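Engineer: Let me begin by handing over the structure; questions about it come next.
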Amino acid sequence: MTYVRSKFRHPMLPKNDLGYTVDYYEGSLSTLCAGCGHDSISAAIAQACFELSIEPHKVAKLSGIGCSSKTPAYFLSNSHGFNSVHGRMPSVATGANLANRDLIYLGVSGDGDTASIGMGQFVHVIRRNLNMVYIVMNNGCYGLTKGQDSATADVGSKNKAGSINLFETIDLASLAIELGATFVAQSFSGDKDQLIPLIKAGMSHPGFAFINVISPCVTFNNNAGSTKSYDYVREHIEATAAFDFVPIMKEIKTNYEEGSVESLKMHDGSFIQLHKLAKDWNPLDRVSAINAVQNAKAKSEILTGLLYLNNDSQDLHELLQTSGRPLNTLNKSELCPGSEILEDINASFR
Ligand SMILES: Cc1ncc(C[n+]2csc(CCOP(=O)(O)OP(=O)(O)O)c2C)c(N)n1
Ligand code: SF4
């Protein structure tokens, strides 16, 4: 692994609508193990933001603790970033989002960070439908602390030390759908053609967009017997549907066979194009989404793609009917209703 990165970029590198090349969306040089799935996800995030022509300073990256939670250092170096306490990223994201609704919130977590110490925070940020993208880089182990089994390790899978996991796995995608998440997707770190459109769609979704990405840990969980290794995942992956994400500003491409495409309009006016591979697949149907994930699991398959989308998503700001302007831009006279109104409010509690 080299610790020197050339600053030279080809002068003909394509530019996005803002005039930036993709390197403007990169971060500092990764210190993760060579071949770690998390690095591929970081690259997909950078590419998605480049393709959406997002101003990096309009993005806030947040994470907990773990190899996965280190990755915000490796993408979007021109964005805001907050590396929080283990499992506590959702609270920090909630506070930041309530103070400034105008940023795009991108949370990155690990399966340990989310499904163990952060589980309480995870379930409540889903219930609140906080407007953010929440990516779990799921390798079934605690990579940073030397590969102990996490709560997403499959029962019966073997870790590098040779011990078999005795405990039932927590399926984060099923849990998210069950808890009312309004956008739930699943993918694989090595499948950028699927992952980049999913991230773009998640960023355009007005509510909590959860993306569970299987991301093999090459150092501690890539052995025979692991169900999160590159080989296992490649052999057991099944896509619900392949799709393109088309922002509303761009012409909508319809070069797919008629009848094989399902066009889903997002709240911000953009569309997701679903290539229906599974005949009866309907991502708008919550019950069939839960059944499909569970049926795949029963066959030891990992279902990938956009699993569930609620087109009537109302995010936390809408639910709480907060000010349309970010709170951090309101001045004292706008925030304080005045002593007479405060007196009335106090009187109503007496
Ligand atoms: C409060 C607290 N408890 C435990 C730890 C030790 N710790 C650091 S990272 C980690 C788990 C990381 O696993 P995961 O979130 O799956 O990320 P990965 O490293 O696999 O990407 C643990 C237990 C800690 N940093 N803080
Ligand atoms: S220990 Fe595993 S998760 Fe951590 S950087 Fe290395 S390969 Fe990635």
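Every number in our numbering is 14 more than the matching position in the sequence shown, counting from 1. Where a beta carbon is used, it is the ideal one built from N, C-alpha and C, also for glycine. Since we're looking at a predicted model, the values are computed, not measured.
Beta-carbon within less than 6 Å of Gly77's beta-carbon, same chain only, minus the 5 sequence neighbours each way: which residues are those?
Structural biologist: As a working note, residue 77 is residue 63 in the sequence shown. Note that residue 77 is Ser in the sequence shown, not Gly. If we look at Ser77 and ignore the five residues flanking it on each side, its Cβ neighbours are Ser83, Pro86, Asn97, Met103, Val122.
Engineer: Does the distance from the CB of Thr241 to the CB of Ser171 come in under 7 Å?
Structural biologist: For the purposes of this step, residue 241 is taken as residue 227 along the sequence shown, with counting starting at 1. For the purposes of this step, residue 171 is taken as residue 157 along the sequence shown, with counting starting at 1. Cβ distance < 7 Å, so Thr241 and Ser171 count as in contact.
Engineer: Report the option in Asn226, Ser67, Ala48, Cys50 whose CA atom is closest to the CA atom of Asp37.
Structural biologist: In the sequence shown, counting from the first residue as 1, residue 37 sits at position 23. Checking every option, the nearest Cα to that of Asp37 belongs to Ser67.
Engineer: Considering only residues of the same chain and omitting the five flanking positions on each side of Ala10, which have a CB-CB separation below 6 Å?
Structural biologist: Since the first and last residues shown for the chain are 15 and 364, residue 10 lies out of range.
Engineer: To the nearest angstrom, report how far apart Asp358 and Cys350 are at their CA atoms.
Structural biologist: Reading the sequence shown from its first residue, position 344 is the one you call residue 358. Reading the sequence shown from its first residue, position 336 is the one you call residue 350. About 14 Å.
Engineer: Could you work out which residue in Asp185, Ile191, Asp125 is closest to Asp299 when comparing CA atoms only?
Structural biologist: Residue numbering aside, residue 299 sits at position 285 when the sequence shown is read from its first letter. Nearest C-alpha to Asp299: Ile191.
Engineer: Less than 6 Å between the CB of Asn184 and some heavy atom of ligand 1, yes or no?
Structural biologist: Along the sequence shown, read from residue 1 onward, the residue named residue 184 stands at position 170. Sequence inspection shows Ile at residue 184; the Asn mentioned does not correspond to that position. Checking every heavy atom of ligand 1 against the Cβ of Ile184, none is found closer than 6 Å.
Engineer: Would Ser93 be called buried (16 or more neighbouring beta carbons within 10 Å of its own) or exposed?
Structural biologist: Position 79 of the sequence shown holds residue 93. Ser93 should be labelled buried.
Engineer: How many angstroms separate the CA atom of Asp205 from the CA atom of Phe181?
Structural biologist: Translated into positions along the sequence shown, residue 205 becomes position 191. Translated into positions along the sequence shown, residue 181 becomes position 167. If I take the Cα positions, the gap works out to 29 Å.
Engineer: In the DSSP assignment, find the alpha helix (DSSP H) that holds Gly109 and state where it starts and stops.
Structural biologist: Against the sequence shown, residue 109 aligns to sequence position 95. Run containing Gly109: 103 to 113, per the alpha helix (DSSP H) assignment.
Engineer: What is the DSSP secondary structure of Asp205, counted as helix, strand or coil?
Structural biologist: On the sequence shown, residue 205 is found 191 positions in, with the first residue counted as 1. If DSSP states are grouped into helix, strand and coil, Asp205 belongs with coil.
Engineer: Could you say if the region 157 to 164 and the region 104 to 113 meet the contact criterion of at least three C-beta pairs nearer than 8 Å?
Structural biologist: no
Engineer: If you draw a straight line from the C-alpha of Val275 to the C-alpha of Ala303, how long is it?
Structural biologist: Taking the first residue of the sequence shown as 1, we reach residue 275 at position 261. Taking the first residue of the sequence shown as 1, we reach residue 303 at position 289. Reliability of the predicted coordinates at Val275 is poor, the pLDDT of 47 falling under 50, and the value obtained from them is presented with this limitation in mind. For Val275 and Ala303, the distance between alpha carbons rounds to 18 Å.
Engineer: Roughly how far, in whole angstroms, is the beta-carbon of Asn173 from the beta-carbon of Asp163, given that I think they are within contact range, below 8 Å?
Structural biologist: The residue you call residue 173 lines up with position 159 of the sequence shown. The residue you call residue 163 lines up with position 149 of the sequence shown. Right, their Cβ atoms sit about 5 Å apart.
Engineer: Flag Gly49 as yes when its Cβ comes closer than 6 Å to any non-hydrogen atom of ligand 1, and as no otherwise.
Structural biologist: Locating residue 49 in the sequence shown gives position 35, counting from the first residue. Answer for Gly49: no, Cβ out of range of ligand 1.
Engineer: May I have the straight-line CA-CA distance separating Asn325 from Ala195, to the nearest angstrom?
Structural biologist: For this step, residue 325 is matched to residue 311 along the sequence shown. For this step, residue 195 is matched to residue 181 along the sequence shown. Going by the C-alpha atoms only, they are around 11 Å apart.
Engineer: With a threshold of 7 Å on Cβ separation, who are the neighbours of Lys311 within its own chain once the five nearest residues in sequence on each side are excluded?
Structural biologist: Taking the sequence shown and counting its residues from 1, the one referred to as residue 311 is at position 297. Correct list, in chain order: Asp185.
Engineer: May I ask which residues mark the beginning and end of the beta strand (DSSP E) holding Tyr38?
Structural biologist: Here residue 38 refers to the residue found at position 24 when the sequence shown is read from its first residue. Taken as a continuous stretch (DSSP letters only), Tyr38 belongs to no beta strand (DSSP E), as it is neither H nor E.
Engineer: For the beta strand (DSSP E) holding Gly95, just list the boundary residues, first then last.
Structural biologist: In the sequence shown, residue 95 corresponds to position 81, counting from 1. Run containing Gly95: 94 to 97, per the beta strand (DSSP E) assignment.
Engineer: Does the beta-carbon of Ala52 have 16 or more other beta-carbons within 10 angstroms, so that it is buried, or is it exposed?
Structural biologist: On the sequence shown, residue 52 is found 38 positions in, with the first residue counted as 1. Checking the sequence, you will find His at residue 52 rather than Ala. Buried, since its Cβ has 16 or more Cβ neighbours within 10 Å.
Engineer: If you compare alpha carbons, which of Thr254, His331, Ile316, Met151 is closest to Gly126?
Structural biologist: Position 112 of the sequence shown holds residue 126. With distances taken between Cα atoms, Gly126 lies closest to Met151.
Engineer: With Asn143 and Ser327 assumed to form a contact (beta carbons below 8 Å), what rounded beta-carbon distance in angstroms separates them?
Structural biologist: Your numbering for residue 143 matches position 129 in the sequence shown. Your numbering for residue 327 matches position 313 in the sequence shown. Asn143 to Ser327, Cβ: 6 Å. Contact.
Engineer: Which of helix, strand or coil does DSSP assign to Gln335?
Structural biologist: One-based indexing of the sequence shown puts residue 335 at position 321. Note: Gln335 maps to coil in three-state DSSP.
Engineer: Is His331 near ligand 1 - that is, is its Cβ less than 6 Å away from at least one heavy atom of it?
Structural biologist: Here the question's residue 331 lines up with position 317 in the sequence shown. False, no ligand heavy atom lies under 6 Å from that Cβ.
Engineer: Which runs of the alpha helix (DSSP H) fall wholly inside the region 194 to 243 and span at least 4 residues, in chain order?
Structural biologist: 206 to 218
Engineer: Please state the DSSP three-state secondary structure of Asn153.
Structural biologist: On the sequence shown, position 139 is the one that residue 153 refers to. Asn153: coil per DSSP, three-state reduction.
Engineer: Tell me which same chain residues have a C-beta within less than 8 Å of the C-beta of Leu321, skipping the five on either side of it?
Structural biologist: Numbered from its first residue, the sequence shown carries residue 321 at position 307. Ala187, Ile191, Val198, Ala199, Gln200, Thr254, Pro297, Ala303, Ala306, Val307, listed in sequence order.
Engineer: Is the beta carbon of Cys81 within less than 6 Å of some heavy atom of ligand 2?
Structural biologist: Translated into positions along the sequence shown, residue 81 becomes position 67. Because some heavy atom of ligand 2 lies under 6 Å away, the Cβ of Cys81 counts as near it: yes.
Engineer: Tell me whether Lys98, by its Cβ, gets closer than 6 Å to a heavy atom of ligand 1.
Structural biologist: In the sequence shown, the residue the question calls residue 98 occupies position 84. Before going further, note that residue 98 is Ser rather than Lys in the sequence given. No; taking the cut-off as 6 Å, the Cβ of Ser98 has no heavy atom of ligand 1 nearer than that.
Engineer: With DSSP as the reference, label Glu252 as helix, strand or coil.
Structural biologist: Here residue 252 corresponds to residue number 238 of the sequence shown, with the count starting at 1. Strand.
Engineer: Tell me where the beta strand (DSSP E) around Ile304 begins and ends.
Structural biologist: The residue given as residue 304 occupies position 290 in the sequence shown. If you look at Ile304, you'll find it isn't in any beta strand (DSSP E); it sits in the alpha helix (DSSP H) that goes 300 to 312.
Engineer: Nearest CA to the CA of Tyr88: which residue from Gly132, Gly41, Ile59, Pro70?
Structural biologist: Sequence index remark: in the sequence shown, residue 88 carries index 74 (1-based). Taking the Cα of Tyr88 as reference, the smallest distance to any Cα among Gly132, Gly41, Ile59, Pro70 is reached at Gly41.
Engineer: What does the Cβ neighbour count give for Glu69, buried or exposed, with the cut at 16 atoms within 10 Å?
Structural biologist: On the sequence shown, residue 69 is found 55 positions in, with the first residue counted as 1. Exposed, since its Cβ has fewer than 16 Cβ neighbours within 10 Å.
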